[in-house]
Ligand SMILES: Cc1ncc(COP(=O)(O)O)c(C=O)c1O
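In the working numbering, the protein residues as written are 243 to 528.
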């Protein structure tokens, strides 16, 4: 069989982990995003996520789409919750409703763990519901799996239904809910660099990599997103991008004072923390 043996090993491991047939190795997670958002177009459409990571935001905008964060209500509360990475299912259903006014969803993304939202995990039950809603709406569902191992480990600790299961088993199950995934593998001690993309069949054209290396095509003016205060910068502009903040972009949940932190079990009940008085910063739009 042609090609490096190390690549074949890599492909086998990723296939076994994800259950997805097609595996593209990439040098970083952001390269996977660049390929993905240019080969499965998002122009003038939105992508919905518990929390887009900075590089994901940039790649969606570059491809002419609009990233919309819909973090779950628990993410905004100081009160502990085991899975603050979960997104807002009601808002997801609203956006996926065929009668919804405004740009259509091109992609649903669960970022596991939700890095932009403080590294909180997503629960398997929740991921299942997200997958069902996305599938019913015919919208591809992806995992941004940069910290999938940590997410799986936290599930084994926090989800009573996962008691006795290994993180690997939990991770395999999570990946199989999604139509595709990408992963920055310089996390969770996997390596210094690298990553993968497991595109669904529709992106599995020999042109996918070529699409990535050519500059993104100019998109027509992006339709205003109902959740955005301002329109995103035109894609493929020669000027540097100015990323915008939408009201749906998360503001960090209020922080607990250090003295009230319980490192061993931070999601177990404890007195509500006093919200910080510091001004919340937009997560990643600068
Ligand atoms: C959730 C998430 N997605 C994507 C990326 C981008 O990956 P990379 O830095 O390998 O390009 C990161 C990197 O930190 C990340 O945490």
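Ideal Cβ positions, reconstructed from N, Cα and C, are used throughout, including at glycine.
Beta-carbon to beta-carbon, residue 281 and residue 353 are separated by about 20 Å, too far to satisfy the 8 Å threshold. In this structure, residue 379 has its beta carbon at no less than 8 Å from each heavy atom of ligand 1. Under DSSP, residue 295 forms no beta bridge with any residue. Counting only the Cα atoms, residue 382 lies some 14 Å from residue 335.
Taking the C-beta atoms as reference points, residue 409 is found nearer than 9 Å to residue 397.
Per the coordinates, the alpha-carbon of residue 318 lies some 31 Å from the alpha-carbon of residue 437.
The Cβ-Cβ distance between residue 258 and residue 414 falls below 9 Å. Between ligand 1 and residue 423, a heavy atom-to-CB distance of less than 8 Å is absent.
Counting C-beta pairs closer than 8 Å gives three or more between the stretch 266 to 277 and the stretch 424 to 435, which meets the contact rule. DSSP, reduced to helix, strand and coil, places residue 274 within a helical segment of the structure shown. Using a Cβ distance threshold of 9 Å, residue 364 and residue 329 count as a contacting pair. DSSP, reduced to helix, strand and coil, places residue 286 outside both helices and strands of the structure shown, so it counts as coil.
Annotation: residue 310 to residue 250 spans about 36 Å, alpha carbon to alpha carbon. Non-local beta-carbon contacts of residue 279 in its own chain, meaning distances under 6 Å to residues more than five positions away in sequence, involve 301, 302 and 305 in chain order.
If you look at residue 426, you'll find it in the beta strand (DSSP E) that goes 422 to 426. In the structure shown, residue 265 adopts coil according to DSSP, grouped into three states.
Per DSSP, residue 435 has no beta bridge partner at all.
By the Cβ-count criterion, residue 393 is buried, with 16 or more other Cβ atoms from all chains shown falling within 10 Å of its own Cβ. For residue 260, the secondary structure class from DSSP, reduced to helix, strand or coil, is helix. For residue 379, the uninterrupted alpha helix (DSSP H) run begins and ends at 366 to 379, by DSSP.
Rounded to whole angstroms, the separation of the alpha carbons of residue 350 and residue 371 is 12 Å. Scanning the stretch 322 to 367 for uninterrupted alpha helix (DSSP H) segments of 4 residues or longer gives 331 to 338, listed from N- to C-terminal end. With respect to residue 417, residue 293 sits apart: the two C-beta atoms are not nearer than 9 Å. Minimum Cα-Cα distance from residue 273 among the listed residues 299, 287 and 362 corresponds to 299. DSSP, read as helix, strand or coil, puts residue 392 in helix.
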